[in-house]
Each structure stands twice: as structure tokens, then as C-alpha cells.
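Reading through the C-alpha cells given below for one structure.
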Amino acid sequence: MSFDGDIQAAGGVQPNEGLIAATLLHCNPVRVIPQVDELPSDANSLVDRLLTSVTSLKLAENVVSILVEMPEAEEEAVEAAEAAKAAQADEAAETAEVSTGKTAAKGTKAKKAPPDKQALEDASRDLVAIMILPSGQAQPQERFFAGDALLGIMPHLPPADLTSLARTVARLDVVSERLRTFLVTHSDNDISCRMLKDAHYISDVDLLKVIPTGSEQQLRLIARRRLLNVVVCDALIETGNAPAILELLRNAESQLSTSAFVKLMPIVVGNNDLESALCNRKDLPQAVGLEMFWQGGQNLRRYLLTRFLTESAALGRVLSIGMKVDAIPSFGSKPSAEDIEELISQVENGDPEAADTLARYCRIAPETAKRVVNDAGGEPITVVFKCLAQSRLVMAQALQRWVESDKCPINGENRMVELHAQFDGMSFNKARMLLAYWDWASRESGPFRNQ
Numbered sequence: 028m029s030f031d032g033d034i035q036a037a038g039g040v041q042p043n044e045g046l047i048a049a050t051l052l053h054c055n056p057v058r059v060i061p062q063v064d065e066l067p068s069d070a071n072s073l074v075d076r077l078l079t080s081v082t083s084l085k086l087a088e089n090v091v092s093i094l095v096e097m098p099e100a101e102e103e104a105v106e107a108a109e110a111a112k113a114a115q116a117d118e119a120a121e122t123a124e125v126s127t128g129k130t131a132a133k134g135t136k137a138k139k140a141p142p143d144k145q146a147l148e149d150a151s152r153d154l155v156a157i158m159i160l161p162s163g164q165a166q167p168q169e170r171f172f173a174g175d176a177l178l179g180i181m182p183h184l185p186p187a188d189l190t191s192l193a194r195t196v197a198r199l200d201v202v203s204e205r206l207r208t209f210l211v212t213h214s215d216n217d218i219s220c221r222m223l224k225d226a227h228y229i230s231d232v233d234l235l236k237v238i239p240t241g242s243e244q245q246l247r248l249i250a251r252r253r254l255l256n257v258v259v260c261d262a263l264i265e266t267g268n269a270p271a272i273l274e275l276l277r278n279a280e281s282q283l284s285t286s287a288f289v290k291l292m293p294i295v296v297g298n299n300d301l302e303s304a305l306c307n308r309k310d311l312p313q314a315v316g317l318e319m320f321w322q323g324g325q326n327l328r329r330y331l332l333t334r335f336l337t338e339s340a341a342l343g344r345v346l347s348i349g350m351k352v353d354a355i356p357s358f359g360s361k362p363s364a365e366d367i368e369e370l371i372s373q374v375e376n377g378d379p380e381a382a383d384t385l386a387r388y389c390r391i392a393p394e395t396a397k398r399v400v401n402d403a404g405g406e407p408i409t410v411v412f413k414c415l416a417q418s419r420l421v422m423a424q425a426l427q428r429w430v431e432s433d434k435c436p437i438n439g440e441n442r443m444v445e446l447h448a449q450f451d452g453m454s455f456n457k458a459r460m461l462l463a464y465w466d467w468a469s470r471e472s473g474p475f476r477n478q
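Sequential numbering from 28 applies to the sequence shown in this note's numbering.
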């Protein structure tokens with residue numbers, strides 16, 4: 028296309044404006060910008076001709092004519108716009124489909140039906156069947172895997188099935204540790220007790236989880252288990268549950284520390300069964316046994332003295348060596364008859380000075396002397412008189428006076444014969460050994476240090 032007529036140099040449209048319009052119309056810029064018949068000799072003349080007002084008018088006419096003469100360009104633009112709209116519609120449809128699918132998936136997950144009860148029971152039986160296969164048909168790793176898989180089913184099983192399952196699992200040596208822990212620490216008492224009763228192996232960690240909040244039945248079953256270590260035994264003692272502690276003391280395979288025996292002493296006071304079980308322990312420390320003399324009854328005292336007081340040449344050597352370095356109380360010279368009479372009279376009259384007099388003669392702690400003088404049984408005072416090397420006649424006369432006195436705390440009217448027998452059967456070394464343990468306990472020294 029070309030312009031008709033002369034082109035006058037004047038201010039009009041800029042060349043780049045024609046390029047922009049042509050670009051917007053998706054057409055060739057050559058068809059928009061006016062063409063000239065003859066190429067000017069110089070560039071300035073060309074510019075002057077292109078910048079005339081006529082050029083602007085012709086450029087507008089060119090644009091209109093192009094729109095009229097080129098319907099294909101308009102169709103292409105419309106088609107391109109429609110294609111873009113279709114692409115956007117397709118993308119929106121895909122997005123909506125994906126979103127709908129996610130929503131549907133969420134709805135399906137939220138509304139997922141619970142597992143079928145029968146299917147869960149069948150699956151649990153099949154997994155247990157794998158766990159109990161002979162060693163040639165299943166490896167330990169496979170048994171562990173079956174047990175771990177069973178953990179996902181067990182929360183959906185009823186308590187009756189879990190109890191039956193616990194009975195089977197308890198008899199297995201190779202079983203998932205997590206499965207065993209789940210059953211041992213289960214909130215249902217029957218399930219936990221079944222494991223505590225029948226399981227050959229339960230970790231100390233699981234036992235320690237059960238003990239603080241366990242029922243009496245659970246604690247008793249734990250106390251009966253074999254090879255209970257010191258930590259588990261201490262935890263059982265801390266509960267203060269008397270039936271469980273009684274089972275623990277009767278369990279010969281439980282391991283009790285010396286500190287555990289010391290903790291048990293105040294717990295067993297007044298309970299004959301507990302006292303008897305504690306004193307019959309083969310591992311009962313001698314120091315604890317002789318200290319329990321003070322809280323025991325007549326029969327228990329007799330048993331303790333018979334069990335722990337022995338006589339041999341070695342005993343005399345131990346006493347001699349210990350007294351040289353003041354590790355054992357040394358009694359010094361034998362008190363005179365006047366001193367003994369003073370002591371007997373003070374005890375008879377309930378004089379508070381009696382304890383100080385006894386502590387001075389025996390060189391023992393005042394606390395030890397008070398325990399001896401104020402004991403109603405009479406056995407401790409006979410031990411002290413044996414240590415003071417008094418004769419049987421002096422002891423018999425003193426006992427008679429004490430029993431007949433209303434002020435004396437000793438109440439041995441019906442036990443005179445027994446007290447005489449105890450005095451006669453106890454040697455000087457035995458009496459000093461027993462008194463040494465009592466004094467160590469009062470001073471918190473020797474075996475009672477830092478306890």
C-alpha cells in the first residue's frame with residue numbers, strides 16, 4: 028500500500044508510534060508506515076517527509092484500511108483470545124478437580140469405617156500363630172516383626188481377648204519388647220497381672236513403671252518374681268505395702284541391700300509376720316539383727332541372740348584388738364560392790380541418774396544406757412550385768428528387787444526363770460559383743476555410720 032498525493036514536511040506522528048500501532052495490530056510495520064515512490068537523496072529529507080500532518084492522516088487511513096482489508100488478522104486475534112480463555116478454563120477445571128479430589132479424600136479419611144472386629148481378631152490370631160512357630164519355621168526377627176505388627180491391632184481388641192493373648196505371650200521367651208511392655212503396663216489389672224505372674228522375663232524398667240501406681244495384687248506378684256535386683260526391691264519397700272513387703276521378705280531370691288534392711292526396721296514394728304520374715308532372712312546383716320532386738324518380743328529376742336551370738340577364741344581376740352583402739356567400748360576396772368549396789372538402788376527407785384551411772388561404769392553412750400534401764404523386758408539389764416562381771420547371785424537378787432518395785436520399769440514377774448537362764452547361758456564375751464553393737468547404733472558409728 029502507498030500514499031497518494033504530495034507529502035509535505037510538517038509536525039505529525041512520530042515513527043515509533045507507527046511501529047507501536049503496527050505491533051498492537053500484529054501486522055507488518057511496512058504496511059502501516061507510509062511508503063515513498065522515490066528514496067530521497069539524504070536522510071533529513073526523508074524525515075521531513077515522514078513528519079508531515081498528511082503523514083499522520085495517511086497513517087490513520089492505513090490503519091483503518093488494514094483492519095478492513097485484513098480480516099484474517101482480526102480472526103487470528105479472536106482465535107488467540109478464545110484459545111487463551113479455553114486454556115484458562117481447562118486449567119481451572121483441572122485445579123477444581125484436584126481440589127475436589129483432595130476434599131473427597133479428606134472426607135473419605137474422616138468418614139473411614141472402623142476396622143472389622145472379626146478381621147482384627149483373625150489377624151491377631153494369625154500373628155500370634157507366627158510368634159509361637161517352632162524355631163525352625165520362624166526366625167527371631169520375624170517373631171519380633173509379628174509382635175510389633177500386633178501392637179497396632181491390640182488397642183481394638185476387647186479385654187477378654189487381650190487377657191488370653193497375654194497368657195500366650197507370657198510363655199514366650201522370644202517376643203517383641205514393646206509388646207511385652209504394652210501388656211505389663213496395661214491399665215487393665217487382669218492383663219497386667221497375667222504377665223507379672225507367668226512371664227519368664229520382664230525388664231526392670233517395666234517393673235519400675237508398674238510399682239508406683241500398682242495395685243496390691245500387682246505389687247505382690249512383682250515381689251514373688253525371681254531374681255529381683257536391689258533397685259526393684261527398694262522401690263517395693265518405698266510403697267510401704269505390708270502384704271507386698273511380706274512377699275518380698277519371703278522371697279529368698281530377692282536381693283536386699285543393707286540400707287533396705289535399715290528402712291524395713293521401722294516398717295515391721297508391731298507386725299509379727301513381717302518381723303519374723305525379716306529376722307529369718309539368711310542375708311539379714313548381723314548389725315541390723317542385733318539392733319532389732321530392741322523392737323522384738325520375747326521369742327524374737329531369744330532367736331536373735333541364739334542366731335548371732337557365738338563363742339570362739341576369735342571373739343576374744345576381736346574384742347581385745349577393738350578395745351585397744353577404742354573401736355569397741357572398754358569397760359575398765361570392775362566396779363566395786365558399793366557401786367553395783369548404788370546402780371541397783373537407782374534402777375529400783377526409777378532414779379533418772381541410773382542411766383548416767385550405768386553409762387559411766389560401762390563406758391557406753393548415755394543413749395545406750397537409757398535404752399537399757401528403761402527396757403521393760405529385762406533382757407538388756409542382764410546383758411549389762413554380765414558385762415560388769417557380776418555373779419548369778421547378785422543378778423538374781425537385783426531382779427527380785429526390780430520386779431517387786433512399782434517404780435522400776437522392768438516387768439519380768441512371769442519371766443524370772445527365763446531371765447536367769449539367759450544370764451547363765453551368756454558368756455562375758457558374748458555380752459560385750461552385744462553391748463558393742465547397741466552402743467554403735469546409739470553413736471551412729473561402726474556398721475551404723477552414715478545410715
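Quick reminder that beta carbons are idealized off the backbone N, C-alpha and C, glycines included.
Note that the coordinates shown come from a computational prediction; the quantities given were computed from them, not determined experimentally.
Between which two residues does the alpha helix (DSSP H) holding residue i run?
i    : result
Q145 : K144 to M158
G349 : A340 to K351
D300 : N299 to C306
K397 : P393 to N401
S191 : P186 to A197
C414 : E406 to C414
W321 : It is not in any alpha helix (DSSP H) - W321 carries neither H nor E in the DSSP assignment.
R274 : Just to set this straight, residue 274 is Glu in the shown sequence, not Arg. Element bounds for E274: A269 to R277.
P293 : T285 to I294
T266 : V257 to T266
N456 : F455 to R470
V421 : R419 to E431
R205 : E204 to V211
I367 : A364 to E375
Y228 : No alpha helix (DSSP H) holds Y228; DSSP gives it neither H nor E.
P167 : P167 to L178
Q282 : Premise fails: Q282 is in no alpha helix (DSSP H) and is neither H nor E.
H447 : M443 to G452
C435 : Taken as a continuous stretch (DSSP letters only), C435 belongs to no alpha helix (DSSP H), as it is neither H nor E.
I249 : E243 to R251
L385 : E380 to C389
Rounded to the nearest angstrom, what separates residue i and residue j at their Cα positions?
i    : j    : result
K224 : M319 : 33 angstroms
S314 : L291 : According to the sequence as given, residue 314 is Ala; it is not Ser. Those two C-alpha atoms are separated by around 14 angstroms.
I180 : V211 : 17 angstroms
N278 : D300 : 14 angstroms
Q164 : R170 : 10 angstroms
K133 : A287 : For K133, the predicted model reports a pLDDT of 49, less than 50, meaning its position is unreliable and no value from the coordinates is stated.
I391 : N298 : 31 angstroms
K144 : P182 : 12 angstroms
D200 : R253 : 16 angstroms
S151 : C260 : 36 angstroms
K309 : N477 : 24 angstroms
Y330 : L189 : 49 angstroms
L178 : L248 : 25 angstroms
I355 : I408 : 19 angstroms
T285 : F475 : 10 angstroms
L276 : L446 : 31 angstroms
Y464 : L317 : 7 angstroms
R398 : S242 : 39 angstroms
A226 : L160 : 18 angstroms
S418 : E394 : 26 angstroms
K413 : Y388 : 13 angstroms
Q168 : I272 : 39 angstroms
S219 : S162 : 27 angstroms
Y228 : D402 : 48 angstroms
Can you give the beta carbon distance from residue i to residue j, rounded, assuming they're within the 8 angstroms contact cut?
i    : j    : result
D231 : V258 : 6 angstroms
A250 : L263 : 6 angstroms
V410 : A458 : 5 angstroms
A396 : A416 : Wrong, their Cβ atoms sit about 17 angstroms apart, outside the cutoff.
R328 : E406 : 6 angstroms
D215 : P186 : 5 angstroms
Q325 : G404 : 7 angstroms
L461 : L336 : 6 angstroms
S454 : E338 : 5 angstroms
A193 : M222 : 5 angstroms
Hey, does residue i have any beta-carbon neighbour from chain B nearer than 8 angstroms?
i    : result
L184 : Looking for chain B here will not work: only one protein chain is present.
Quick check: the stretch 417-424 against the stretch 304-315, are there 3 or more CB pairs under 8 angstroms? no
Whether or not the stretch 371-378 and the stretch 347-360 are in contact is what I'm after, with contact meaning three or more pairs of Cβ atoms, one per stretch, closer than 8 angstroms; do they touch? no
Using a Cβ distance threshold of 8 angstroms, determine whether the stretch 168-179 contacts the stretch 189-206, with at least three qualifying pairs required. yes
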